[in-house]
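Residue numbers (the working numbering): 1 to 151.
Given below as structure tokens:
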């Protein structure tokens, strides 16, 4: 389970006295705990690793957006801190598909669903998310699906 890997990584980083990594892991654990609390009230039972991956992907997206804003605002020292946190977060996520593999997977789903125009984007995105949510960033996938359906 991803939770166990994160907990072990926290212990290792504390023993190595790597305060930046320890802090980033503590942020991850806090976000996961918050998500667990949110899920207590819902009836839907979810896969634990899927929930943790979802939290990690959301955190990674937030860090990427923050890095972009800090760099355009001329705050490189804050962007560097966010980059360090992003590296720690991404170390717990599964390997992401490269663009060629993502295009191939999307082309297969487009052919399989019989989608022919941008009107079918919702159906294609649902299939992409169901099959490749762990290894593909959905915002990037959305752009690739739109390009595949437009061209």
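Just so it is clear, CB atoms sit at the ideal spot from N, CA and C, and this is done for glycine as well.
If you ignore the 5 residues before and after residue 113, its C-beta comes within less than 8 Å of the C-beta of 120, 123, 124, 127, all in its own chain and listed in chain order.
Under a 10 Å Cβ-count criterion, residue 39 is classified as exposed, with fewer than 16 other Cβ atoms of the shown protein chains found around its own Cβ. In the three-state DSSP reduction, residue 1 falls in the coil class, being neither helix nor strand. By the Cβ test, the stretch 82-96 is in contact with the stretch 43-63, since at least three Cβ pairs between them sit closer than 8 Å. When secondary structure is reduced to three states using DSSP, residue 125 falls in the helix class. About 5 Å separates the beta carbon of residue 55 from that of residue 35, a gap short enough to meet the 8 Å contact definition.
Pairing residue 69 with residue 31 gives a Cβ-Cβ distance that is not under 8 Å. Only exposed fits residue 108, as fewer than 16 other CB atoms lie within 10 angstroms of its CB.
In this structure, DSSP gives residue 78 a helical state, which the three-state scheme calls helix.
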